[in-house]
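Novice: Quick one: structure below, then a few questions.
Protein chains: 2
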Amino acid sequence: MKKNLKTIVITIGNEVTSGHIVNSNAAWIGSALDGIGLSPERALTLRDDVNTLAKEIRKASKEYGVILITGGLGPTHDDVTKPALAKAFGVKIFRDAAMLKELAKFLEGFGKTMSPANEGQADVPDGFKGIASKFGTAPLLMRKADGCILFAMPGVPFEMKNLMETEVLPRLKKLLPKRVIQRTVLHTNGISESTLYSKITEAGAAPKDVELAYLPSLGHVDLRVTAEGKTPAEAAKKLRRAEKALMKVAAPYVYGRDGVSLEAAIGERLVERRLTIASAESCTGGLFASRITSVAGASRYFVEGLVTYSNNSKIKRLGVKPATLLKYGAVSAQVAADMASGVSETTGADIGVSATGVAGPTGGTPDKPVGLVYVGLCINGNVETREFKFREERRRNQERTVNEMLGWLWRMLR
Amino acid sequence: MKKNLKTIVITIGNEVTSGHIVNSNAAWIGSALDGIGLSPERALTLRDDVNTLAKEIRKASKEYGVILITGGLGPTHDDVTKPALAKAFGVKIFRDAAMLKELAKFLEGFGKTMSPANEGQADVPDGFKGIASKFGTAPLLMRKADGCILFAMPGVPFEMKNLMETEVLPRLKKLLPKRVIQRTVLHTNGISESTLYSKITEAGAAPKDVELAYLPSLGHVDLRVTAEGKTPAEAAKKLRRAEKALMKVAAPYVYGRDGVSLEAAIGERLVERRLTIASAESCTGGLFASRITSVAGASRYFVEGLVTYSNNSKIKRLGVKPATLLKYGAVSAQVAADMASGVSETTGADIGVSATGVAGPTGGTPDKPVGLVYVGLCINGNVETREFKFREERRRNQERTVNEMLGWLWRMLR
Chain A
0 MKKNLKTIVI
10 TIGNEVTSGH
20 IVNSNAAWIG
30 SALDGIGLSP
40 ERALTLRDDV
50 NTLAKEIRKA
60 SKEYGVILIT
70 GGLGPTHDDV
80 TKPALAKAFG
90 VKIFRDAAML
100 KELAKFLEGF
110 GKTMSPANEG
120 QADVPDGFKG
130 IASKFGTAPL
140 LMRKADGCIL
150 FAMPGVPFEM
160 KNLMETEVLP
170 RLKKLLPKRV
180 IQRTVLHTNG
190 ISESTLYSKI
200 TEAGAAPKDV
210 ELAYLPSLGH
220 VDLRVTAEGK
230 TPAEAAKKLR
240 RAEKALMKVA
250 APYVYGRDGV
260 SLEAAIGERL
270 VERRLTIASA
280 ESCTGGLFAS
290 RITSVAGASR
300 YFVEGLVTYS
310 NNSKIKRLGV
320 KPATLLKYGA
330 VSAQVAADMA
340 SGVSETTGAD
350 IGVSATGVAG
360 PTGGTPDKPV
370 GLVYVGLCIN
380 GNVETREFKF
390 REERRRNQER
400 TVNEMLGWLW
410 RMLR
Chain B
0 MKKNLKTIVI
10 TIGNEVTSGH
20 IVNSNAAWIG
30 SALDGIGLSP
40 ERALTLRDDV
50 NTLAKEIRKA
60 SKEYGVILIT
70 GGLGPTHDDV
80 TKPALAKAFG
90 VKIFRDAAML
100 KELAKFLEGF
110 GKTMSPANEG
120 QADVPDGFKG
130 IASKFGTAPL
140 LMRKADGCIL
150 FAMPGVPFEM
160 KNLMETEVLP
170 RLKKLLPKRV
180 IQRTVLHTNG
190 ISESTLYSKI
200 TEAGAAPKDV
210 ELAYLPSLGH
220 VDLRVTAEGK
230 TPAEAAKKLR
240 RAEKALMKVA
250 APYVYGRDGV
260 SLEAAIGERL
270 VERRLTIASA
280 ESCTGGLFAS
290 RITSVAGASR
300 YFVEGLVTYS
310 NNSKIKRLGV
320 KPATLLKYGA
330 VSAQVAADMA
340 SGVSETTGAD
350 IGVSATGVAG
360 PTGGTPDKPV
370 GLVYVGLCIN
380 GNVETREFKF
390 REERRRNQER
400 TVNEMLGWLW
410 RMLR
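Residue numbers (numbering that gives the first Met the number 0), protein chains in the order written: chain A, 0 to 413; chain B, 0 to 413.
Encoded structure:
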């Protein structure tokens, strides 16, 4: 089996070739494979056409040691992966009695009975092993033969991901040579990719015996370190050494590692320091509250969020003075400050955060153009504000504002 | 040239095969091609490897009439598309003097001078035509020969999109037979794909002379109708007829068309009917407010949103009675009702919407498990509530709840 671990990912579906949906499944699979050291040679997307699929699968089974297929395993006439697999290997499809039982049990759990379409989900091409999914009626199909291991998974993202994690990846790991790959990701905020790169390079902190990647996205830059060794201890040692060198430069910007989100890092600090928080949002419309409460257990520190869109609700709920609104306008540092202290005072939270601005695309004036945003932060009664001038479209302005609020908050809590 | 318009999209880059970035370029190109009636047969993603690329490009040039390549045209050592093209067709690369001039002018516009890396951007494989980009230094490369038209574009999304729109699509349109494609999408909510399919099929409402696709996603199903004709009038006529037939069945579920979001459809109805709205959220943590305010001009109808996470803030801000919280618990139909009417009363909004539940993963009890959610809707003083039992992870529970709130609200406004 181990002679060839060349890997191909095949996505099936007209909705993908035609661009109606973005192929995030292929990216997720590529990244999961990359994580175990088995980066795919290529990704192929094909339409729901039995003959083409059969031909490509047969061809791939000769060239590749590992084939991962996603999509086309549902119960409708569009779902052609099973007939294509049968045709590719010249086998018949049979109904698997054990699968049928598991399927009935699965449906029972939802108070549903078996329909003919459901029954078909227990069909398996000869030579394949069917493995039931915990999250849907479509199974995982697996075939090991002629030096090629093939997995066919449903296209529904959370069904596919669960099967990858519980069934596919553990099996693939066993095929890999005994070399160990360890990886860690340091998440940074408040510094650009090029500045971070310069700082690390100039300080000579870029480690030599590991792979270092800079991965920027909206509002933050990830540092991914990959170490390889003959033993876990060797890889771990390299990783620790690299991290230590990097942290000498990057520590002020690192808020977490290995998938921790900025909002989760903030949550941890708030719990540690026994602080509570409340938010008053105008232009961000609840996006800050939504981000903070996306973390499990946020109720321990998040007291209340207010989306005070109208002047009246800023006055009534937060105690912003009508005179301040009149003098400076709703989009002003003064109002941002009063919103932050107002939400802290009226809720009794230790920290009050606020945002007011022109998200756009309408509502801009020469004085206060689209993208002008003020955010406020009140900690134990001390208020500060910051001004931003974004220029982008509405949703992006809202997202950038919330990223700035979270980044600022995190730096104050650090 | 017209004998074969089979189309392939090739994306180049290790960062795409390894899943570090999602291949949204292929989706965008697929959708743009689909829009002119030239839906790609397949999408292929390959690593930055000159030999593999050259081999695949040569092969594709024999099988396909149209090849679109994106990526690998930048100035660094990773960018191997040009050498691959040269190798594929056995030609040399030369420096194009005219391109060099345009490049100098482009850089001048940014106050920059030419570097050696920049100069390389004017290199063109023999037999290709280089077309300068208005948005970057990487050009479009085009080759027409042996019944195959090939375009190589940069991978930077906005550079690629601009070249597609201004150069590639107009040229491809000329190759297409004189037929017209028109398309419309009807967005539905509150009905499953299979039920919608059954209803339309049973009513004989599935139009014969157009293509009908069912495109489901979280919380809604799109009906995409594609009509073809020799003239715009003919295609439009087919489209109108098909829509009329479909609407006989689907009208109660259709909230908009051609890209309108559910929250925008709700906004339109609220403006039409001069109604205002406010929200009181617990488990959804501001996600409802964030969705409603993602629409430009939401300030015309959205008065205020409250994220009342603590019992105390439910009591103080919304007037929920302590006795009700004690008797039924915060996650209950009674509290959802009081939150909806409370937010409507305290803000003066015509409509109050609420959600309270156990988003998870913690906080569940045998009586009130993770995924139990109550939502409330108060319109002019009349309150109703609904119960949902989701079972998924936190973020998905929050999203499904908000989709149900929006769907319900829209049906009440219809």
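C-beta atoms are modelled at their ideal positions from N, C-alpha and C, and glycine is treated no differently. For clarity, every value in this text was computed on a predicted model and none was experimentally measured.
Counting along the chain, where does the alpha helix (DSSP H) carrying residue 290 of chain A start and finish?
Specialist: By 1-based counting over the first sequence, the position of residue 290 of chain A is 291. Its alpha helix (DSSP H) spans residues 286–291.
Novice: List the endpoints of the continuous alpha helix (DSSP H) containing residue 342 of chain B.
Specialist: Position 343 of the second sequence, counted from the first residue, corresponds to residue 342 of chain B. 332–346 is the span of the alpha helix (DSSP H), which, as asked, contains residue 342 of chain B.
Novice: So, is residue 222 of chain B buried or exposed, given that buried needs 16 or more other C-beta atoms within 10 angstroms?
Specialist: Here residue 222 of chain B corresponds to residue number 223 of the second sequence, with the count starting at 1. It counts as buried.
Novice: What first and last residue would you give for the beta strand (DSSP E) that runs through residue 373 of chain B?
Specialist: In the second sequence, counting from the first residue as 1, residue 373 of chain B sits at position 374. Start and end: 371–378.
Novice: Is it buried or exposed for residue 112 of chain B, if we count other Cβ within 10 angstroms and need 16 for buried?
Specialist: Locating residue 112 of chain B in the second sequence gives position 113, counting from the first residue. Exposed is the call here.
Novice: For a contact meaning CB atoms closer than 9 Å, what does residue 205 of chain B contact in chain A?
Specialist: To locate residue 205 of chain B, count along the second sequence from 1; it is residue 206. Ordered by position in chain A, no residue passes the 9 Å Cβ test against residue 205 of chain B, which lies about 13 Å from the chain.
Novice: Around the C-beta of residue 110 of chain A, are 16 or more other C-beta atoms found within 10 angstroms, so that it is buried, or is it exposed?
Specialist: Taking the first residue of the first sequence as position 1, residue 110 of chain A is located at position 111. Residue 110 of chain A is exposed by the Cβ-count criterion.
Novice: Can you pull the chain A residues whose beta carbon is under 9 Å from the beta carbon of residue 130 of chain B, in chain order?
Specialist: In the second sequence, counting from the first residue as 1, residue 130 of chain B sits at position 131. Per Cβ cutoff of 9 Å: no residues; residue 130 of chain B is ~23 Å from chain A at best.
Novice: Quick check on this structure: which residue in A/310, A/324, A/301, A/210 has the alpha carbon closest to the alpha carbon of residue 277 of chain A?
Specialist: On the first sequence, residue 277 of chain A is found 278 positions in, with the first residue counted as 1. When only C-alpha atoms are compared, the closest one is A/301.
Novice: For residue 88 of chain B, count neighbouring C-beta atoms within 10 Å of its own C-beta (all shown protein chains included) and say buried if the count is 16 or more, exposed if not.
Specialist: As a working note, residue 88 of chain B is residue 89 in the second sequence. Label assigned to residue 88 of chain B: buried.
Novice: With C-beta atoms as the reference, is residue 397 of chain B less than 9 Å away from residue 283 of chain B?
Specialist: Within the second sequence, numbered from 1, the residue matching residue 397 of chain B stands at position 398. Within the second sequence, numbered from 1, the residue matching residue 283 of chain B stands at position 284. In this structure, residue 283 of chain B lies closer than 9 Å to residue 397 of chain B by Cβ.
Novice: Using a Cβ-Cβ cut-off of 9 Å, state whether residue 397 of chain A counts as contacting chain B.
Specialist: On the first sequence, position 398 is the one that residue 397 of chain A refers to. Chain B, which has a Cβ nearer than 9 Å to the Cβ of residue 397 of chain A, makes this yes.
Novice: Taking only the alpha-carbon atoms, compute the straight-line gap between residue 156 of chain B and residue 399 of chain A and give it to the nearest angstrom.
Specialist: Numbered from 1 along the second sequence, position 157 holds the residue referred to as residue 156 of chain B. Numbered from 1 along the first sequence, position 400 holds the residue referred to as residue 399 of chain A. Roughly 20 Å separates the two Cα atoms.
Novice: For the alpha helix (DSSP H) that residue 212 of chain B lies in, which residues bound it at each end?
Specialist: Position 213 of the second sequence holds residue 212 of chain B. No alpha helix (DSSP H) contains residue 212 of chain B, which is instead part of the beta strand (DSSP E) from 210–216.
Novice: For residue 122 of chain B, report the span of its beta strand (DSSP E) as first-last.
Specialist: Counting from one through the second sequence, the residue named residue 122 of chain B turns up at place 123. Here the beta strand (DSSP E) through residue 122 of chain B covers 122–124.
Novice: In three-state DSSP terms, what is residue 225 of chain B?
Specialist: Numbered from its first residue, the second sequence carries residue 225 of chain B at position 226. Three-state result, residue 225 of chain B: strand.
Novice: Which residue from B/324, B/371, B/362, B/378 puts its Cα closest to that of residue 342 of chain B?
Specialist: On the second sequence, position 343 is the one that residue 342 of chain B refers to. Residue B/378 is the option with its Cα nearest to residue 342 of chain B.
Novice: Beta strand (DSSP E) containing residue 381 of chain A: first to last residue?
Specialist: Start at 1 with the first residue of the first sequence, and residue 381 of chain A comes out as number 382. Taken as a continuous stretch (DSSP letters only), the beta strand (DSSP E) holding residue 381 of chain A covers 381–388.
Novice: At a CB distance below 7 Å, what residues from the region 321–352 of chain A approach chain B? Give them in sequence order.
Specialist: For the region 321–352 of chain A, which is checked against every Cβ of chain B, the residues closer than 7 Å are 346.
Novice: Helix, strand or coil for residue 7 of chain B, going by three-state DSSP, please let me know.
Specialist: The sequence position of residue 7 of chain B within the second sequence is 8, counting from 1. It is a strand residue.
Novice: In chain order, what residues of the same chain lie with their CB nearer than 7 Å to the CB of residue 306 of chain B, ignoring the 5 residues before and after it?
Specialist: For the purposes of this step, residue 306 of chain B is identified with residue 307 of the second sequence, where counting begins at 1. If we look at residue 306 of chain B and ignore the five residues flanking it on each side, its Cβ neighbours are 280, 284, 285.
Novice: Residue 23 of chain B touches chain A at which residues, Cβ-Cβ below 8 Å?
Specialist: Here residue 23 of chain B is taken as the residue at index 24 of the second sequence, counted from 1. Neighbours of residue 23 of chain B on chain A, chain order: 21.
Novice: Spatial neighbours of residue 237 of chain B within its chain, please: CB distance less than 7 Å, with the 5 preceding and 5 following residues excluded, ordered by chain position.
Specialist: Taking the second sequence and counting its residues from 1, the one referred to as residue 237 of chain B is at position 238. So the list reads 208, 209, 226, 228, once near-sequence residues are dropped.
Novice: Return yes when at least one heavy atom of the ligand FAD lies under 8 Å from the C-beta of residue 7 of chain A, else no.
Specialist: This structure does not include the ligand FAD; it has no bound ligands of any sort.
Novice: Could you check where the beta strand (DSSP E) with residue 303 of chain B kicks off and where it finishes?
Specialist: Residue 303 of chain B sits at position 304 when you count from the first residue of the second sequence. From DSSP, the beta strand (DSSP E) with residue 303 of chain B extends over 301–307.
Novice: Which one or two residues does DSSP pair with residue 255 of chain A in a beta bridge?
Specialist: One-based indexing of the first sequence puts residue 255 of chain A at position 256. According to DSSP, residue 255 of chain A bridges with A/186.
Novice: For residue 106 of chain B, which residues of its own chain have a beta-carbon under 7 Å away from its beta-carbon, when the five flanking residues on both sides are left out?
Specialist: For the purposes of this step, residue 106 of chain B is taken as the residue at position 107 of the second sequence. Only 112, 113, 117 meet the Cβ criterion.
Novice: If you run the structure through DSSP and keep just helix, strand and coil, what is residue 355 of chain B?
Specialist: As a first step, residue 355 of chain B must be located in the second sequence, where it is residue number 356. Strand, per DSSP.
Novice: Can you give me the C-alpha to C-alpha distance between residue 353 of chain A and residue 262 of chain B, rounded to a whole angstrom?
Specialist: Locating residue 353 of chain A in the first sequence gives position 354, counting from the first residue. Locating residue 262 of chain B in the second sequence gives position 263, counting from the first residue. Looking at the two C-alpha atoms, the distance is approximately 24 Å.
Novice: Please name the residue, chosen from B/8, B/23, B/180, that lies closest to residue 59 of chain B on a Cα-to-Cα basis.
Specialist: Counting from 1 along the second sequence, the entry for residue 59 of chain B is found at position 60. Checked all of B/8, B/23, B/180; the closest Cα to residue 59 of chain B is B/8.
Novice: If you check the beta carbons only, do residue 168 of chain A and residue 31 of chain A fall under 9 Å apart?
Specialist: Residue 168 of chain A sits at position 169 when you count from the first residue of the first sequence. Residue 31 of chain A sits at position 32 when you count from the first residue of the first sequence. It is a contact, given that the beta carbons lie within the stated cut-off.
Novice: Give the straight-line distance between the Cα atoms of residue 1 of chain B and residue 174 of chain B, rounded to the nearest whole angstrom.
Specialist: Along the second sequence, one-based indexing puts residue 1 of chain B at 2. Along the second sequence, one-based indexing puts residue 174 of chain B at 175. A caution first: residue 1 of chain B carries a pLDDT of 41, below 50, which makes its placement in the model too unreliable to give a value.
Novice: Closer than 7 Å, Cβ to Cβ, to anything on chain A: give me those residues from the region 49–63 of chain B, in chain order.
Specialist: Under the 7 Å Cβ criterion, the region 49–63 of chain B contributes no residue.
Novice: Please classify residue 361 of chain A: is it buried, with 16 or more other beta-carbons within 10 angstroms of its beta-carbon, or exposed?
Specialist: Here residue 361 of chain A refers to the residue found at position 362 when the first sequence is read from its first residue. Exposed.
Novice: Taking one C-beta from the region 247–262 of chain B and one from the region 178–188 of chain B each time, how about it: are there three or more such pairs within less than 8 Å?
Specialist: Yes: at least three Cβ pairs fall under 8 Å.
Novice: Can you list, in chain order, the residues of its chain whose CB lies under 7 Å from that of residue 390 of chain B, leaving out five sequence neighbours each side?
Specialist: Translated into positions along the second sequence, residue 390 of chain B becomes position 391. Same-chain partners within the cutoff: 370.
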